[in-house]
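Chains A and B, in that order, are what the protein sequence lines are. Everything in the first sequence is counted per the working numbering, starting at 14 for the first residue and increasing by one. Everything in the second sequence is counted per the working numbering, starting at 39 for the first residue and increasing by one. From the three backbone atoms N, C-alpha and C, an ideal C-beta is built for every residue, glycine too. It should be emphasised that the depicted structure is a prediction, and the values quoted were computed from it without experimental measurement. The structure under discussion appears below in the form of structure tokens.
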Amino acid sequence: MVQTAVIGDERAGVEPEHHEPKSFLTKYIWSQDHKVIAIQYTVTAITVGLIALVMSWMMRMQIGFPYSLGFIDQDRYYQFVTMHGMIMVIYLLTALFLGGFGNYLIPLMVGARDMVFPYVNMLSYWTYLLSVLVLVASFFVPGGPTGAGWTLYPPQAILPGTPGREWGIIMMLVSLVIFVAAFTMGGLNYVTTVLQARTRGMTMMRLPLTVWGIFVSTILGLLAFPALFVSGVMLLLDRVLLTSFFMPSIVSMGEPLGYRGGSPLLFQHLFWFFGHPEVYIVALPAFGIVSDLISTHARKNIFGYRMMVWAILAIGVLSFVVWAHHMYVSGMNPYFGFFFATTTLIIAVPTAIKVYNWVLTLWRGNIHLTVPMLFSLAFIITFVAGGMSGLFLGNVVVDVPLSDTYFVVAHFHMVMGVAPILVVFGGIYHWYPKVTGRLLSDAMGKFHFWVTFLGTFAIFFPMHYLGFVGMPRRYYDFSGINFIPDSAHTLNAFITIAALVVGAAQGVFLFNLVWSAFRGRLAGGNPWRATTLEWQTPETPPGYGNWGPRLPIVHRWAYDFSVPGADEDFLPQNHPPSRETAETAHGRPIAKGTMA
Amino acid sequence: MAHQDTMNETPAATTLTGAPPTDGWYGMVEDWASDRQAFRNVPWGKAMMWLFLLSDTFIFGCFLTSYMTVRMSTTVPWPNPSEVFALTIGGAHIPLILIAIMTFILISSSGTMAMAVNFAYRRDRARTTALMLATAALGATFVGMQAFEWTKLIVDEGVRPWANPFGAAQFGSTFFMITGFHGFHVTVGVIYLSVVALKVLRGDYERRGNYQIVEIAGLYWHFVDLVWVFIFAFFYLW
């Protein structure tokens, strides 16, 4: 019933040049197969993420119980703040969404046999691993890792007195520069594959939203990471060669330093020109994935597919003109604030369109409360809660008193920390059966879900209150500060307990990942009865080259659920048209010759 | 790398539905959204090179913007480039002479590169190789003269990344950083062109008759030249 094209007549042909690797080394270690590279990326990202998780525990214990559980001194505290943020944002979320999900799903979802340049793709992973190793190595250099805060603002980042000033900051910057190189190699592959290597019938407006999200997010990365690269190089030169790009004349600990005439604001502009798109680099894949999860598990077509695509593109464009809303209190020209507050609030429009469309997709759908669906619903709730506080912080007059308080911590953790990671979990529960052939345990999954979802709300929702009472972020010790009420200390203790519980619950998830790989229920090829191409592969897990001898031919968009007249409640994208089930594109049946 | 070579020989991708072509804005959107390829008959390597150059543009853009920012924000007077980059040749004091020659050489190398691409598509291996090696040689000359310029500034005039005798310290910082990064690009280009040229000579691309790699290498080379025009204008003429 599934129609396919013969390979060899078209750009499908990887085979004439590439022979299937046979040895263990070329198959699993130095592999050029996008699926193996995806798993390598995922495992590395989760491993380094666990380090960041443990660091957040140490910080929370210090804040919640400074007298009984404060294991770390203030230098360690700042180092952990820095490394926790940097690892979570860049080495975990960016790498996992693009290197992990992107690598695995793009070729499968667009109907390609691999990325367009598998060798470069392999180099991307190993370069990423190198950047991770340099980062982790900074824990073992004299002085430890940098404690400059994840934003690495100069002058403080490279001044004596900042932890890790000797070696840590150098390792951090070198690691970032390497990461940018790794990302570029991977990112060029992802974008080219989506643009130029789709299978027959797979038009752009038939791509699953997952691919759209990852695709636009990767373009953002290719244009935003250059700013991080440049600011990293310049800060490195300031630190090592004593240039004065970012360093003004400064007296440190009674001694005038050799710097003169640099502009610390320049660093902030460069950093946030990267840093704000980075938020959407993490968020857009989450938007895409959650769209597919909701549609599949509610057995209903996505509401407003074309608007979803345009919203992703609009968010991508707008994300490049909002960066200075991170800098309202930096001392930049106040008139900038007017411009950046306006653009920031405009970005809420396409974002709101997406949220409405998710809710309208659920509306009167046949909702299956599977674990991926639970995580998707939790994402919507968390994302709305986190996004709402963004409206507060986007306005200059409201931001000024709230900046550098726990309100900000609550906002960005909910909107770009917890919300995307919920999608990561949802995505892993959803695609694990394709990767391993077995389903993750449902019982452990539901336990993991409820503890994580309720627990993260218990952690981050009270922080809004802490912010309103003026509790500053990044403080090591709050004892003896008069304006902070006792209730805030109690709340801090509560948050710490919640954080320990949520962190421990991730152990159940990790156990589930390992246990289900051997003991999980056999999934079959398409356990969720999903429409997208990755579920239509001849083998599960997909073999080398993904499609066997013939590439699939696509006849419809990715959301033909519950089509009237169809035998089943879903039509795979490569399901050939019949009298009852016409070809579709962006949600509309099309007659021959009128495809728009 | 090799499998993208097959692409040039395949017929243009058509939509399954065989829709008649549409003109204007809608036609453009349709082409973009059509199946298989957004850019018809553009090989993977070429598409990827364009994307890389777009990303690299942002790197150079950030470097040059940062240079302009520090130049405007520093309180110390900026050195006069005409004086700093002057040479005394045969008793005559000529401002910017070295950089003028360097720029001429690099722009000329774009000409030889364009000719190489032309001959590559005619499958004239000898001339392609010769012109590509000429391009690489011009590029190497450029890097050599840049090394001379750096040596003169560092050894004779005492310019350092952190300070210089002429004025604002950022002059040396930005100069070494940006011209260094560009010189690195030229060096990589020289190696890249030489490798491709030797492969052309050896006949590696003859089997399929596909010489797109020459054009792709050319794209990179023209980009490096174009960036130099901006660096020249912003650094030496401002």
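Near Met247(A), what residues of its chain come up, given a Cβ to Cβ distance below 7 angstroms and the 5 sequence neighbours on each side ignored?
Here the set comprises Phe258, Phe259.
Should Arg211(A) be flagged as near chain B, meaning a C-beta pair shorter than 8 angstroms?
By this cut-off, Arg211(A) is an interface position.
Mind checking which residues open and close the beta strand (DSSP E) that includes Glu596(A)?
596-598
Work out the CA separation of Gly177(A) and Leu165(A) for me, nearest whole Å.
12 angstroms
Quick one: which chain A residues come within Cβ less than 9 angstroms of Met215(B)?
Val246, Met247, Leu250, Thr256, Phe258
Going along chain A, which residues have a C-beta under 9 angstroms from Arg246(B)?
Ordered by position in chain A, no residue passes the 9 angstroms Cβ test against Arg246(B), which lies about 11 angstroms from the chain.
Rounding to the nearest angstrom, what Cα-Cα distance links Lys40(A) and Asp46(A) in this structure?
8 angstroms
List the residues of chain B whose Cβ lies closer than 7 angstroms to the Cβ of Val204(A), in chain order.
Leu89
With a threshold of 8 angstroms between beta-carbons, can Val267(B) be considered close to chain A, or not?
no
Can a CB atom of chain A be found closer than 8 angstroms to the CB of Phe157(B)?
Under the 8 angstroms criterion on CB atoms, Phe157(B) is classed as non-interfacial with respect to chain A.
Figure out for me which residue from Leu306(A), Ser454(A), Ile294(A) has the closest Cα to the Cα of Arg534(A).
Ser454(A)
Considering just the uninterrupted stretch of the alpha helix (DSSP H) at Ile132(B), what are its terminal residues?
Looking at the DSSP string, Ile132(B) is not in any alpha helix (DSSP H); the run it does join, the beta strand (DSSP E), is 130-132.
Give me, in chain order, the residues of the same chain whose beta-carbon lies closer than 6 angstroms to that of Val292(A); leave out the 5 immediate sequence neighbours on both sides.
Met429
Please list the partners that Ala240(A) has in chain B, where partner means a Cβ-to-Cβ separation under 8 angstroms.
Phe96, Cys100
If we define contact as Cβ-Cβ less than 8 angstroms, is Gly271(A) a contact residue for chain B?
yes
Label Met427(A) either buried or exposed according to how many other C-beta atoms from any shown protein chain fall within 10 Å of its C-beta, with 16 as the threshold for buried.
buried
Using DSSP with H/G/I as helix, E/B as strand and the rest coil, what is Pro565(A)?
strand
Is there a Cβ from chain B that is less than 8 angstroms from the Cβ of Gly226(A)?
no
Give me the chain A residues within the contact set of Phe77(B), using Cβ-Cβ distance strictly less than 8 angstroms, ordered along the chain.
Neighbours of Phe77(B) on chain A, chain order: Leu208, Gln209.
Measure the alpha-carbon distance for Ile42(A) versus Asp417(A) and round it to whole angstroms.
44 angstroms
Against Leu92(B), what residues of chain A qualify as contacts under a CB-to-CB distance less than 8 angstroms, listed in chain order?
Leu235, Leu236
Can you pull the DSSP bridge partners for Leu125(B)?
Ile132(B)
For Pro199(B), which residues in chain A fall below 9 angstroms Cβ to Cβ?
Leu250, Leu254, Leu255, Thr256
At a CB-CB cut-off below 9 angstroms, which residues of chain A make contact with Asp73(B)?
Arg211, Thr212, Arg213, Gly214, Met215, Thr216, Met217, Arg219, Val567
Consider the Cβ of Val114(B): report whether some Cβ of chain A lies at a distance smaller than 8 angstroms.
yes
Would you mind giving the Cβ-Cβ distance between Met476(A) and Tyr419(A), rounded to the nearest angstrom? I have them listed as a contact below 8 angstroms.
Rounded, the Cβ-Cβ distance is 4 angstroms, consistent with contact.
Do Ile100(A) and Val61(A) have their C-beta atoms within less than 8 angstroms of each other?
In this structure, Val61(A) lies closer than 8 angstroms to Ile100(A) by Cβ.
Would you be able to state if there are at least three C-beta pairs under 8 angstroms between the region 168-178 of chain B and the region 137-156 of chain B?
yes
Would you mind telling me which residues of chain E sit closer than 9 angstroms to Met86(B), beta carbon to beta carbon, in chain order?
Among the protein chains of the structure shown, namely A and B, there is no chain E.
Give a yes or no on whether the minimum CB-CB distance between Val264(A) and chain B is below 8 angstroms.
no
Would Gln250(B) pass as an interface residue toward chain A - the criterion being a Cβ-Cβ separation below 8 angstroms?
no
Determine the DSSP secondary structure at Ile603(A), reduced to helix, strand or coil.
It is a strand residue.
Enumerate in chain order the residues of its own chain whose CB-to-CB distance from Gln169(A) is below 7 angstroms, with the five nearest sequence positions on each side excluded.
Ala161, Thr175
By the 7 angstroms beta-carbon criterion, what residues does the region 276-299 of chain A contribute toward chain B?
Ser276, Leu279, Leu283
For Leu535(A), name the three-state secondary structure that DSSP assigns.
Secondary structure of Leu535(A) (DSSP, three-state): strand.
State the Cα-Cα distance for the pair Phe353(A) and Ile360(A), rounded to the nearest angstrom.
11 angstroms
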